[in-house]
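Undergrad:
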Amino acid sequence: MQQEPRLDATAPPNLHARLKPRLLLRPRNEALYARALSEGLTELQARVLAGRLTDYEGELAPLTQPSLRYLEHPERLADGRRAAERIATAVAEGEHIGILTDYDVDGITSHVVIRRTLVELFGVPESRLHSLIGHRIHDGYGISLPLVERTLGLSPRPTLVITADCGSSDEPRIARLKAEGIDVVVSDHHALPVEGPPPSAHAVVNPTRDDCQYPDRTIAGCMVAWLVMSLTRSVLVEWGVIPEATPKLSAWLSYVALGTVADCVSLGASPANRAVVSHGLTLINRMEAACWRAMAARLGEDSVPFSAETLAFQMGPRINARSRLDDPYAALHFMLAGDDATAIRHLQTLDDDNQSRKTIEAEMVEEARALALPQLEADRPALIVHLESGHPGVQGIVASRLVQAFGRPALVLTPAAAPGMLTGSGRSIEALHLRNALQRAHELAPEALPRFGGHRGAAGVGVPVEQLETFRLALLQAVSEQLGEAELFPHVLTDGALAPDQLRLTTLLELEALGPYGREFDAPLFEGEFLIESIRAVGAEGNHLSMHLSSGATSLKAIWFRALTPGELPAFGLGDWLRCAYRLNRNRWRGQESLQLMIEYAEPLHHPKES
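Per UniProt numbering, the sequence shown starts with residue 1, numbered consecutively.
1) Can you find at least 3 beta carbon pairs, one from the region 358 to 369 and one from the region 282 to 293, that sit closer than 8 Å?
2) Report yes if the CB atom of G462 is closer than 9 Å to the CB atom of R472, and no otherwise.
3) Buried or exposed for Q213, please, with buried defined as at least 16 other CB atoms from any protein chain shown within 10 angstroms of its CB.
4) Straight-line CA distance for H96 to S480?
5) What beta strand (DSSP E) runs, 3 residues minimum, are completely inside the region 101 to 184?
6) For R562, tell me which candidate among V204, G539, A179 has the shortest Cα-Cα distance.
7) Out of curiosity, what's the CA-to-CA distance linking E529 and L597?
8) Distance check for R579 and G573, CA to CA, integer angstroms please.
9) Going by CA-CA distance only, name the one from E377, S534, A497, M421 that's closest to L25.
10) Using C-beta distances below 7 Å, list every residue in its chain close to P490, excluding the 5 sequence neighbours before and after it, in chain order.
11) Go through its chain and collect everything with a Cβ distance to E126's Cβ below 8 Å, but skip five positions before and after it.
12) What first and last residue would you give for the beta strand (DSSP E) that runs through E527?
13) With distances taken Cα to Cα, identify the nearest neighbour of G221 among A296, T42, T260, P247.
14) Could you name the residues of the same chain whose beta carbon sits closer than 6 Å to that of P524, not counting the 5 residues immediately before and after it, in chain order?
15) With H, G and I counted as helix, E and B as strand and the rest as coil, what does DSSP make of A382?
16) Under 6 Å Cβ to Cβ from I599, same chain only, skipping five residues before and after it: list those, please.
17) Quick check: the region 341 to 351 against the region 409 to 422, are there 3 or more CB pairs under 8 Å?
18) What's the C-alpha gap between L336 and R586?
19) Where does V403 land, buried or exposed, given buried means 16+ other C-beta within 10 angstroms?
20) Looking at the structure shown, is G496 part of a helix, part of a strand, or coil, going by DSSP?
21) Measuring straight from C-alpha to C-alpha, what distance separates E388 and E520?
22) Is it the case that the region 321 to 330 contacts the region 133 to 148, given that we only count it when at least three CB pairs across the two stretches are under 8 Å?
23) To the nearest angstrom, how far is the alpha carbon of E603 from that of G300?
24) Check G454 in the structure and name its three-state DSSP category.
25) Going straight from the alpha carbon of G424 to that of H442, what length do you get?
26) Below 8 Å, how does it come out for the region 501 to 518 and the region 425 to 438: are there three or more Cβ pairs, yes or no?
27) Would you give the residue range spanned by the beta strand (DSSP E) that Q596 belongs to?
28) Need the endpoints of the beta strand (DSSP E) that W560 sits in, please.
29) Identify the continuous beta strand (DSSP E) that holds M295 and give its terminal residues.
30) Report yes if the CB atom of A84 is closer than 9 Å to the CB atom of V304, and no otherwise.
31) Considering only residues of the same chain and omitting the five flanking positions on each side of V124, which have a CB-CB separation below 8 Å?
32) Go through its chain and collect everything with a Cβ distance to L132's Cβ below 8 Å, but skip five positions before and after it.
33) Where does C580 fall in DSSP's three states?
34) State the Cα-Cα distance for the pair L438 and L475, rounded to the nearest angstrom.
35) Taking M421 as the reference, give the member of S400, L449, R427 with the closest Cα.
36) Give the straight-line distance between the Cα atoms of T565 and N354, rounded to the nearest whole angstrom.
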């Protein structure tokens with residue numbers, strides 16, 4: 001939730017003014033707006049669409065009417081056929097197979113797709129499969145050296161390792177496995193190193209490859225894994241290993257939907273991502289898997305049907321929390337649970353970790369903000385914060401909070417498991433390609449950035465402690481080169497105002513028809529001026545505000561989460577006017593539905609508006 005950063009009394013006065021968020025109207029693609037109206041979209045739908053696809057010139061139907069018919073054939077993936085044939089050979093010849101994936105939601109859902117396909121569709125015995133998921137703190141990201149050693153220590157040892165959501169930057173470890181007689185099939189979506197795909201891999205399926213003909217480079221790791229396994233099914237049918245009646249993998253798109261939303265890949269100009277999330281939500285809401293039923297029970301009956309926001313803000317964080325604080329296998333077991341009792345037991349573990357994560361996050365955010373203030377005063381183009389006692393599992397969340405509060409890219413570093421090393425996670429702003437900035441920083445000071453990876457909006461790094469200042473200077477130069485003289489400030493982009501008679505459930509239905517919403521296709525956010533009819537602090541710590549707001553003759557319930565720090569009093573009260581940025585939300589209570597406003601940002605109006 002966006003709110004004005006809280007600064008202590010010693011902060012320079014000019015900093016207070018510079019850090020007050022600005023409400024800005026989204027730039028609009030006027031040609032697209034006109035085309036959307038001509039193709040039958042409502043004015044509000046056209047406004048929302050044109051505010052998110054500022055450079056889009058393609059057809060509207062694949063985006064406004066998501067469908068699996070818009071998915072491209074996996075044969076178009078470079079190395080796709082080669083990867084599928086190697087996996088098919090391992091299935092046909094009874095080889096032991098390792099499944100090596102990242103520990104976040106994208107990696108866990110990829111793992112589920114691969115494992116369930118091998119076992120339930122291809123008939124591979126569980127005894128021939130090895131789940132290899134790294135520990136975020138002890139092993140690190142990707143095909144880490146500890147994971148290599150663990151793989152080589154297995155008995156019987158796998159002769160094939162399939163990766164998902166990792167592997168593109170792991171040539172030395174892949175070469176080690178190859179030297180030991182283990183083929184590695186990489187499926188990934190992260191940006192490749194400048195030298196190209198790892199040459200020691202048997203196959204590298206990654207839509208970001210320069211020679212890849214797959215038209216959508218924004219798909220998540222779980223989608224790449226799904227495509228590879230779908231192609232493997234086709235190969236096995238061709239070879240006569242499995243019958244043609246073997247089910248296709250469409251049932252697993254529920255997992256792909258979760259991984260896609262949680263990994264924050266584009267839901268904008270991506271027919272593939274919009275299709276799999278839309279179709280996956282339909283599957284999830286059938287509640288056929290124990291993991292979905294357990295989550296619905298935890299969130300309450302009013303949470304169903306799930307939306308993309310449910311996946312992003314309720315389910316994704318719980319799965320991620322486990323790998324942030326401990327090993328990720330409870331998350332895998334939760335997703336694979338065969339009955340409700342098992343799913344509920346593992347969900348409780350995830351929930352407990354999520355609560356611990358929130359406590360750790362709050363403490364780290366407070367410290368990070370304090371360390372960021374001198375950098376803001378110096379007008380640094382990026383915030384690079386070293387938390388000497390910070391938890392590495394929460395770096396990315398803390399970096400996101402800094403970006404949100406201060407309107408510039410941020411990187412949070414904490415001590416790594418390896419002596420003398422720091423590990424870090426960064427989050428970016430729309431104007432900066434973070435992975436490219438890190439590549440440039442590596443070119444400027446290779447010894448200060450021996451390991452990095454990621455994509456436009458998020459990335460991870462490894463930095464030697466003694467090289468921290470060198471790294472800082474290199475990254476600041478790289479960011480400055482990309483951003484030039486761009487003004488950096490916290491801001492809230494809105495879709496403009498709604499008339500009082502639009503504040504009703506039918507408007508929400510009109511907007512929901514344009515979903516799913518997510519990264520690069522943000523949920524609609526509006527601005528307006530409202531009279532406070534009632535206001536009270538709610539929540540265990542009294543840090544949320546529950547209000548009734550009116551606009552003209554329309555009165556609505558509103559909720560503003562994290563509006564206050566515990567013990568703080570609001571700067572406005574009954575009878576005051578607020579300028580708000582808000583989303584429309586469906587409030588369900590005992591089978592009844594009503595519209596409520598979800599406040600993202602609010603500020604008192606100092607010149608009262610006439611009613």
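Glycine included, every Cβ here is placed at the ideal spot set by N, Cα and C.
Bear in mind the structure is a predicted one, so any value in this text is a computation, not a measurement.
TA: So, from the data block:
1) no
2) Indexing the sequence shown from 1 puts residue 462 at position 462. Indexing the sequence shown from 1 puts residue 472 at position 472. Their beta carbons are not under 9 Å apart, which means G462 does not touch R472 by this criterion.
3) The residue given as residue 213 occupies position 213 in the sequence shown. That one is exposed.
4) Reading the sequence shown from its first residue, position 96 is the one you call residue 96. Reading the sequence shown from its first residue, position 480 is the one you call residue 480. The alpha-carbon atoms of H96 and S480 are separated by roughly 49 Å.
5) 129 to 133, 160 to 164
6) Here residue 562 is taken as the residue at index 562 of the sequence shown, counted from 1. With distances taken between Cα atoms, R562 lies closest to G539.
7) Numbered from its first residue, the sequence shown carries residue 529 at position 529. Numbered from its first residue, the sequence shown carries residue 597 at position 597. The straight-line gap from Cα to Cα measures roughly 13 Å.
8) For this step, residue 573 is matched to residue 573 along the sequence shown. For this step, residue 579 is matched to residue 579 along the sequence shown. Rounded to the nearest angstrom, the two C-alpha atoms are 13 Å apart.
9) For the purposes of this step, residue 25 is taken as residue 25 along the sequence shown, with counting starting at 1. Measuring from the Cα of L25, the nearest candidate turns out to be A497.
10) Mapped onto the sequence shown, residue 490 falls at position 490. L19, P21, A405, F406, G407, listed in sequence order.
11) Mapped onto the sequence shown, residue 126 falls at position 126. Hits under 8 Å: V119.
12) The sequence position of residue 527 within the sequence shown is 527, counting from 1. 526 to 538 is the extent of the beta strand (DSSP E) around E527.
13) By 1-based counting over the sequence shown, the position of residue 221 is 221. Among A296, T42, T260, P247, the Cα nearest to that of G221 is on T260.
14) On the sequence shown, position 524 is the one that residue 524 refers to. V48, D495, L511, listed in sequence order.
15) Here the question's residue 382 lines up with position 382 in the sequence shown. Three-state DSSP puts A382 in coil, outside helix and strand.
16) In the sequence shown, counting from the first residue as 1, residue 599 sits at position 599. Once the five neighbours on either side are set aside, the close Cβ partners of I599 are A558, W560, C580, Y582.
17) no
18) Position 336 of the sequence shown, counting from 1, holds the residue named residue 336. Position 586 of the sequence shown, counting from 1, holds the residue named residue 586. About 31 Å.
19) Counting from 1 along the sequence shown, the entry for residue 403 is found at position 403. V403 should be labelled buried.
20) Within the sequence shown, residue 496 is the residue found at index 496, counting from 1. Reduced to three states, the DSSP call for G496 is coil.
21) What you label residue 388 is simply residue 388 of the sequence shown in a count that begins at 1. What you label residue 520 is simply residue 520 of the sequence shown in a count that begins at 1. When rounded, the distance between both Cα atoms is 33 Å.
22) yes
23) One-based indexing of the sequence shown puts residue 603 at position 603. One-based indexing of the sequence shown puts residue 300 at position 300. Approximately 32 Å between the Cα atoms of the pair.
24) Indexing the sequence shown from 1 puts residue 454 at position 454. In the structure shown, G454 sits in a strand (DSSP, three-state: E or B).
25) Translated into the one-based positions of the sequence shown, residue 424 becomes position 424. Translated into the one-based positions of the sequence shown, residue 442 becomes position 442. The alpha-carbon atoms of G424 and H442 are separated by roughly 15 Å.
26) no
27) Mapped onto the sequence shown, residue 596 falls at position 596. Per DSSP, Q596 belongs to the beta strand (DSSP E) from 592 to 604.
28) Start at 1 with the first residue of the sequence shown, and residue 560 comes out as number 560. Run containing W560: 554 to 560, per the beta strand (DSSP E) assignment.
29) To locate residue 295, count along the sequence shown from 1; it is residue 295. Not the beta strand (DSSP E): M295 falls in the alpha helix (DSSP H), residues 290 to 299.
30) Here residue 84 refers to the residue found at position 84 of the sequence shown. Here residue 304 refers to the residue found at position 304 of the sequence shown. No, the Cβ-Cβ distance between A84 and V304 is not below 9 Å.
31) Working through the sequence shown from its first residue, we reach residue 124 at position 124. Excluding residues within five positions, the ones whose Cβ falls inside 8 Å are V91, I97, L118.
32) Here the question's residue 132 lines up with position 132 in the sequence shown. Only G98, I99, L100, T101, L147, R150, T151, V161 meet the Cβ criterion.
33) Residue numbering aside, residue 580 sits at position 580 when the sequence shown is read from its first letter. In the structure shown, C580 sits in a strand (DSSP, three-state: E or B).
34) In the sequence shown, the residue the question calls residue 438 occupies position 438. In the sequence shown, the residue the question calls residue 475 occupies position 475. Each residue's Cα considered, the two are about 7 Å apart.
35) Here residue 421 is taken as the residue at index 421 of the sequence shown, counted from 1. Cα-wise, what sits closest to M421 is L449.
36) Taking the first residue of the sequence shown as 1, we reach residue 565 at position 565. Taking the first residue of the sequence shown as 1, we reach residue 354 at position 354. Whole-angstrom Cα-Cα distance: 20 Å.
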